[in-house]
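**Q** Starting off with a structure, shown below.
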Amino acid sequence: MVQRKGSTRVSEDAEELVRVPLQAILLADSFAQKFRPITLERPKVLLPLVNVPMIDYTLAWLESAGIEEVFVFCCAHSKQVINYLESSHWFSLPHFEVTTIESHNSVSAGDALRLIYERHVIHGDFVLITGDTVSNMSLTQALQEHKDRRKKDNNAVMTMVIKRSKPSPITHQSRLGTDELFMAIDPYTKQLLYYEDKADHLKGTLSLEKMLLADNPSISLHNDKQDCYIDICSPEVLSIFTDNFDYQHLRRHFIKGLLVDDIMGYKIFTHEIHSNYAARVDNFRSYDTISKDIIQRWTYPLVPDVQFLGNYIAKLERQGMYRASAITSPVDKLNGELTCKLPETEPWSTSEVGSGGVGYIWSICEGGHEEEWRHSVAPTSADKLTEVMQATDDDLELTTQGSNVLLPSGELVPDSNSNLSEDDDNEDSRDDSVYFEKEVEATFLRAVHENVKEDHVILEVNSLRLSYNMTSADCAGALFYSVMKLALETPCNSNSELLKNVASVITRWQKLLKSYLQSMDEEILHLLYEKDILQEDAILKWASEKEGAEESDKVFVKQSEKFIQWLNEASEEDD
Amino acid sequence: MMMDFQVVVLAGGTSKKLVPLVSKEVPKALLPVANRPVLSYVLELLEHSNLKDLIVVVEGQDAALRVGGWISGAYVDRLHVEVAAVPEDVGTAGALRAIAHHLTANDILVVSGDLICDVSPGAVAAAHRRHGAAVTAMLCSVPVSGPLESGSSSGKDKTKKPGCCNIIGLDPTKQFLLYIATGPEIDRDIRVQKSILRAVGQMEIRADLMDAHLYAFKRAVLQEVLDQKDAFQSLQQDVLPYLVRSQLRSELSLNGAPHTEENGHDKVVPGDNQVMLSQLLAKTSTPSFHELYAMGPNGSAPVRRTHKCCVYIASQDKYCARLNSIQAFSDINRDVIGEASHLSGYSFSAQNNIIHPSAELGSKTTVGQNCMLGEGSQLGDKCSVKRSVIGRHCRIGSNVKVVNSVVMNHVTISDGCSIQGSVICSNAQLQERVVLKDCQILDRVLMVGFNEGSLMVTLYDRITRRKTHGGLRNFGHHVIFLEA
Numbered sequence: 325m326v327q328r329k330g331s332t333r334v335s336e337d338a339e340e341l342v343r344v345p346l347q348a349i350l351l352a353d354s355f356a357q358k359f360r361p362i363t364l365e366r367p368k369v370l371l372p373l374v375n376v377p378m379i380d381y382t383l384a385w386l387e388s389a390g391i392e393e394v395f396v397f398c399c400a401h402s403k404q405v406i407n408y409l410e411s412s413h414w415f416s417l418p419h420f421e422v423t424t425i426e427s428h429n430s431v432s433a434g435d436a437l438r439l440i441y442e443r444h445v446i447h448g449d450f451v452l453i454t455g456d457t458v459s460n461m462s463l464t465q466a467l468q469e470h471k472d473r474r475k476k477d478n479n480a481v482m483t484m485v486i487k488r489s490k491p492s493p494i495t496h497q498s499r500l501g502t503d504e505l506f507m508a509i510d511p512y513t514k515q516l517l518y519y520e521d522k523a524d525h526l527k528g529t530l531s532l533e534k535m536l537l538a539d540n541p542s543i544s545l546h547n548d549k550q551d552c553y554i555d556i557c558s559p560e561v562l563s564i565f566t567d568n569f570d571y572q573h574l575r576r577h578f579i580k581g582l583l584v585d586d587i588m589g590y591k592i593f594t595h596e597i598h599s600n601y602a603a604r605v606d607n608f609r610s611y612d613t614i615s616k617d618i619i620q621r622w623t624y625p626l627v628p629d630v631q632f633l634g635n636y637i638a639k640l641e642r643q644g645m646y647r648a649s650a651i652t653s654p655v656d657k658l659n660g661e662l663t664c665k666l667p668e669t670e671p672w673s674t675s676e677v678g679s680g681g682v683g684y685i686w687s688i689c690e691g692g693h694e695e696e697w698r699h700s701v702a703p704t705s706a707d708k709l710t711e712v713m714q715a716t717d718d719d720l721e722l723t724t725q726g727s728n729v730l731l732p733s734g735e736l737v738p739d740s741n742s743n744l745s746e747d748d749d750n751e752d753s754r755d756d757s758v759y760f761e762k763e764v765e766a767t768f769l770r771a772v773h774e775n776v777k778e779d780h781v782i783l784e785v786n787s788l789r790l791s792y793n794m795t796s797a798d799c800a801g802a803l804f805y806s807v808m809k810l811a812l813e814t815p816c817n818s819n820s821e822l823l824k825n826v827a828s829v830i831t832r833w834q835k836l837l838k839s840y841l842q843s844m845d846e847e848i849l850h851l852l853y854e855k856d857i858l859q860e861d862a863i864l865k866w867a868s869e870k871e872g873a874e875e876s877d878k879v880f881v882k883q884s885e886k887f888i889q890w891l892n893e894a895s896e897e898d899d
Numbered sequence: 016m017m018m019d020f021q022v023v024v025l026a027g028g029t030s031k032k033l034v035p036l037v038s039k040e041v042p043k044a045l046l047p048v049a050n051r052p053v054l055s056y057v058l059e060l061l062e063h064s065n066l067k068d069l070i071v072v073v074e075g076q077d078a079a080l081r082v083g084g085w086i087s088g089a090y091v092d093r094l095h096v097e098v099a100a101v102p103e104d105v106g107t108a109g110a111l112r113a114i115a116h117h118l119t120a121n122d123i124l125v126v127s128g129d130l131i132c133d134v135s136p137g138a139v140a141a142a143h144r145r146h147g148a149a150v151t152a153m154l155c156s157v158p159v160s161g162p163l164e165s166g167s168s169s170g171k172d173k174t175k176k177p178g179c180c181n182i183i184g185l186d187p188t189k190q191f192l193l194y195i196a197t198g199p200e201i202d203r204d205i206r207v208q209k210s211i212l213r214a215v216g217q218m219e220i221r222a223d224l225m226d227a228h229l230y231a232f233k234r235a236v237l238q239e240v241l242d243q244k245d246a247f248q249s250l251q252q253d254v255l256p257y258l259v260r261s262q263l264r265s266e267l268s269l270n271g272a273p274h275t276e277e278n279g280h281d282k283v284v285p286g287d288n289q290v291m292l293s294q295l296l297a298k299t300s301t302p303s304f305h306e307l308y309a310m311g312p313n314g315s316a317p318v319r320r321t322h323k324c325c326v327y328i329a330s331q332d333k334y335c336a337r338l339n340s341i342q343a344f345s346d347i348n349r350d351v352i353g354e355a356s357h358l359s360g361y362s363f364s365a366q367n368n369i370i371h372p373s374a375e376l377g378s379k380t381t382v383g384q385n386c387m388l389g390e391g392s393q394l395g396d397k398c399s400v401k402r403s404v405i406g407r408h409c410r411i412g413s414n415v416k417v418v419n420s421v422v423m424n425h426v427t428i429s430d431g432c433s434i435q436g437s438v439i440c441s442n443a444q445l446q447e448r449v450v451l452k453d454c455q456i457l458d459r460v461l462m463v464g465f466n467e468g469s470l471m472v473t474l475y476d477r478i479t480r481r482k483t484h485g486g487l488r489n490f491g492h493h494v495i496f497l498e499a
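Heads up: the sequence lines are chains A and B, in that order. Just so we're aligned, residue 325 is where the first sequence starts under the numbering used here, counting upward by one. Just so we're aligned, residue 16 is where the second sequence starts under the numbering used here, counting upward by one.
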């Protein structure tokens, strides 16, 4: 691949002399499962959109836009796609070369682009598009803008096409059923500065780095734009994908990655179309919406009554009814073969997606009732809308009460992220300590039942301590807890028996405890005393008892000597 | 229309930012700009808009007395001014809170006393009324700062870039204020409320606009906010951002106010939507996003309470600056006798300068363009004055150069001094061959060049309070403030 880095005048001229044919990469796989189960048997790009497979719209547009070479990347159901293309006219057109690239192990657009990079087939700027896009925009201007920017700045690697579309204030979805999109664009250079789809609804604010304003005196924030998923890319895009082998999704990884990364300084620009149409069948709602748009001729010339390759010519009749020319007999209202029909009797409103059942017949509709051809996408009913509305209102009230965004003082709450992560940390550590205690207890019980030597138990507990990153005090606590639990679980009838049990267990495992209780126990004793758990007399008695005991036994006593001394003095004073 | 506006001029007290220029004797409002107190510019701007009933709020009793004394002397038959003293350091919101009981009109125009501009307050008031806004703020482009021709200006611009002004979010029509960051908030990341962005669709964030501290408030709104949020100290940093943030989720009980007809569409109208719609149509041809947002599902009566925060953006060719720093003081003095000379109210001579008839100039002394020489000042021989303001009754010796500087009243400058980019306060005395660059010299200071040679002070930019520095000495109780 010819890198343009440090291109001199000569090489630029040379490049103009060697004309690179305009290329396009068409991804005939959405790498998503939104259309399941329909796409289990059939690739999405072959699904009919007003009786024509989607890919035909995309190819027809590419051809009309002056693209000379298209690489169709097929992955899911690749055989079907290739077979379809082979049987279609697309291979036989002059000045329009279609090449298929087949892959079976690509799981994402990133994989696809990496594979194409390895093939070394892209030599210049190319259009990146998916096979489910319908558009009638002219590429000339966008391409020219892209090329001009490239001449000035080698880092301008991509121009993405956007279109105005305000998401519904209620569902926060655009007309095409895609989630709302927040973008920041430099109003003068049209550089994309921020891109957030899949917005987190819980976060009431969106934050932009302050450095953005240091470079640009003004920024336009947009919530009313729609991403058309038509990108004009420089060849570097493919190598960026290869360099960053973890980039999968075109938007989520690639665009975000480029926007965040300021080392390479790659820039993405936008091109807004106004009167032209460009949309992508991304989900069922957009499937429905785009079908309607085609029938209502927004996508002219890609409409049923104009022959673009691969479709049947249909005649437009009154009331927006398309009738295939093959049908001569009077068409039955409900049994029209190859009829696209749109009852325009209902007032058409853009704001409410499904105020009534605006529907149409796909292809053959077998003697169904009116109800049955309203099935393409269940419209959002008025009830549902009010429900959602209610919910958002409730949300609003909640946020007012909990002052999620707005504190009473009018301050914006600091990003909840930091708090959350802290909470997470706390949660983690608490979980950790619980697990740790359980592990220690299990180790201890195993030692009891299998008569493991103390040294080994200490070793095990130490390793646990290291792996859970605990202090020896935690070990002591956990061990003491297990020891006491063991004593408690030994069946007993009276208090004295319990005491005896405790005593025996402790004496049995004293060495274990000792190894962790070296510095602590005086304090522990003191604590127990303070809390009135241990009576003063009991401690003194214990001390005198141990007086006669062997040396190893006296460790505890020695360690708590001071405290016992103090107790003795105190009791003397009391006397 | 202007009758309904009550005007509050916040004249401040002795601002700490302007030390050493201000003092007990000279509060901020009386700092001279082209030999006139800065407050006179605001008062004359208001007078020009036929706003003659004013409340001037001054921090501190002493300062209030001085300001009041000056106003009653200068404007006795022209304006009806009430001077109110408030405790020091209450902030702008606190000052308004203190005088809230004086406010009676429907709308309040709040002007900062250090504003020097030629934008008519009437335009702001009209924008406020047109939208029935809760608050309307005037924005202007950020003034050019720093000395005009010196090479250091580029370096300065870099450091000052977004730091000193506001970050402002506007709707596409540039009529509504959607986001404002002021003060310490500027240094943080920009956090925009999604709800507002959703409602309006597109927001333009600008760093090249400045809040001019000229606001029109709906009185009910202002009083309610001041009452309820008693922690709010500053209009700019607390009240305005609060109103902007809560504009789509208004907590204001606007319909409780006695002036219901004022708040027409802002409050919940229980009637049928025909009335609503006609009201909307009457107000504006296309409903603003506030109204659309407030609307119920089917365009019925509003379900949400909103209020509007509007802006009036002064056009580029208007002059607008605030005297809130020493740099601004120098800049404004330079501008008022220079590019914005129409503000000064003086008539310039053919040489494009103002020399009072009573001023005396020695032989071979030149006074260049954009200069001002006050009443009764005397200049010796072979002096040169460029782009500077010299106050009243100054005595300037021979061979003195004054460039890009402000010399206040009763200053004595001895022979051979050179003053560049400096401010010399009243009653200072400079002895022979003192060289000053980018300095401020406090009141009644005696400055001596010693050891025969000239005293070189070429320190830069910030004030330090070192009593002795670079060979300067502390003379008794006079302290010399230098930039270091």
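All residues carry an ideal CB built from backbone N, CA and C; glycine is no exception. What you are looking at is a predicted structure, and each value in this text was computed from that prediction instead of being measured.
If we ignore side chains and look at the alpha-carbon of each, how far apart do residue 185 of chain B and residue 193 of chain B end up?
**A** About 5 Å.
**Q** Output, in sequence order along the chain, the residues in the segment 525-538 of chain A whose CB is closer than 8 Å to any CB in chain B.
**A** Answer in chain order: 527, 528, 529, 530, 531, 532, 533, 534, 536, 537, 538.
**Q** Would you grab the beta carbon distance between residue 383 of chain B and residue 402 of chain B for me? Rounded to a whole angstrom, and I think it's under 8 Å.
**A** About 7 Å; that satisfies the 8 Å criterion.
**Q** Could you give the uninterrupted runs of the alpha helix (DSSP H) lying entirely in the segment 502-562 of chain A, keeping only those of 4 residues or more?
**A** Those alpha helix (DSSP H) runs which fall completely within the segment 502-562 of chain A and span 4+ residues are 535-539.
**Q** Between residue 60 of chain B and residue 155 of chain B, is the Cβ-Cβ spacing less than 8 Å?
**A** Cβ distance not < 8 Å, so residue 60 of chain B and residue 155 of chain B don't count as in contact.
**Q** To the nearest angstrom, how far is it from the Cα of residue 408 of chain A to the Cα of residue 398 of chain A?
**A** Rounded to the nearest angstrom, the two C-alpha atoms are 12 Å apart.
**Q** Touching or not, the segment 230-250 of chain B and the segment 555-571 of chain A, by the rule of three or more beta carbon pairs under 8 Å?
**A** No, the segment 230-250 of chain B does not touch the segment 555-571 of chain A.
**Q** On the DSSP bridge list, what partners appear for residue 223 of chain B?
**A** DSSP output for residue 223 of chain B lists no bridge partner at all.
**Q** Mind pulling the alpha helix (DSSP H) runs of 4 or more residues that sit fully within the segment 373-403 of chain A?
**A** The segment 373-403 of chain A contains these whole alpha helix (DSSP H) runs: 378-388.
**Q** Can you tell which of B/387, B/373, B/375 has the C-alpha that lies nearest to the C-alpha of residue 366 of chain B?
**A** Per the Cα distances, B/387.
**Q** Are residue 251 of chain B and residue 223 of chain B touching if we call contact CB-CB under 8 Å?
**A** No. Outside cutoff.
**Q** Give the single residue among B/204, B/230, B/228 whose Cα lies nearest to the Cα of residue 529 of chain A.
**A** Among B/204, B/230, B/228, the Cα nearest to that of residue 529 of chain A belongs to B/204.
**Q** For residue 799 of chain A, which residues in the same chain have their Cβ closer than 6 Å to its Cβ, ignoring the five residues on either side in sequence?
**A** Cβ within range, chain order: 785, 789, 840.
**Q** Please report whether the beta-carbon of residue 109 of chain B lies at a distance below 8 Å from any beta-carbon of chain A.
**A** It does not; no Cβ of chain A falls within 8 Å.
**Q** Considering only residues of the same chain and omitting the five flanking positions on each side of residue 761 of chain A, which have a CB-CB separation below 6 Å?
**A** Excluding sequence neighbours, residue 761 of chain A sits near 802.
**Q** Could you spell out where the beta strand (DSSP E) holding residue 482 of chain A opens and where it closes?
**A** First-last of the beta strand (DSSP E) with residue 482 of chain A: 480-488.
**Q** Across which residues does DSSP place residue 363 of chain B in a beta bridge pair?
**A** None; residue 363 of chain B has no bridge partner.
**Q** Would you mind telling me which residues of chain A sit closer than 8 Å to residue 219 of chain B, beta carbon to beta carbon, in chain order?
**A** What residue 219 of chain B touches in chain A: 511, 542, 543, 544, 545.
**Q** Which of the three DSSP states, helix, strand or coil, is assigned to residue 463 of chain B?
**A** The predicted position of residue 463 of chain B is uncertain, since its pLDDT is 44 and thus under 50; no value can be drawn from it.
**Q** Consider the Cβ of residue 490 of chain A: report whether some Cβ of chain B lies at a distance smaller than 8 Å.
**A** Closer than 8 Å to some Cβ of chain B, the Cβ of residue 490 of chain A qualifies, so yes.
**Q** So the candidates are B/24, B/440, B/347, B/68; which of them puts its Cα closest to the Cα of residue 79 of chain B?
**A** If we check each option's Cα against that of residue 79 of chain B, B/24 comes out closest.
**Q** CB residue 605 of chain A to CB residue 383 of chain A, shorter than 8 Å?
**A** The answer is no: Cβ separation not under 8 Å.
**Q** Helix or strand or just coil, what does DSSP make of residue 440 of chain A?
**A** Reduced to three states, the DSSP call for residue 440 of chain A is helix.
**Q** Since residue 555 of chain A contacts residue 613 of chain A with CB under 8 Å, what's their CB separation in whole angstroms?
**A** Actually they are not in contact, since the Cβ atoms of residue 555 of chain A and residue 613 of chain A sit about 22 Å apart, beyond 8 Å.
**Q** Quick one: using the 10 Å Cβ neighbour count with 16 as the cut-off for buried, is residue 75 of chain B buried or exposed?
**A** Buried: at least 16 other Cβ atoms inside 10 Å.
**Q** For residue 148 of chain B and residue 122 of chain B, I'd like the C-alpha separation in whole angstroms.
**A** Roughly 10 Å separates the two Cα atoms.
**Q** In chain A, which residues lie with their C-beta within 8 Å of the C-beta of residue 216 of chain B?
**A** Residues of chain A passing the Cβ test: 490, 546, 547, 548.
**Q** In three-state terms, what does DSSP make of residue 572 of chain A?
**A** Coil, per DSSP.
**Q** Could you pull the DSSP bridge partners for residue 427 of chain B from this structure?
**A** DSSP, once it has assigned bridges, lists B/410, B/444 as partnering residue 427 of chain B.
**Q** Using the beta-carbon of each residue, which ones in chain A are nearer than 8 Å to residue 326 of chain B?
**A** Near residue 326 of chain B there are no residues of chain A at all, since even the closest Cβ is about 14 Å away, more than 8 Å.
**Q** Where does residue 558 of chain A land, buried or exposed, given buried means 16+ other C-beta within 10 angstroms?
**A** Label assigned to residue 558 of chain A: buried.
**Q** What would DSSP say about residue 615 of chain A, mapped onto helix, strand or coil?
**A** Residue 615 of chain A: helix per DSSP, three-state reduction.
**Q** Report the option in B/233, B/219, B/263 whose CA atom is closest to the CA atom of residue 537 of chain A.
**A** Minimum Cα distance to residue 537 of chain A is reached at B/219.
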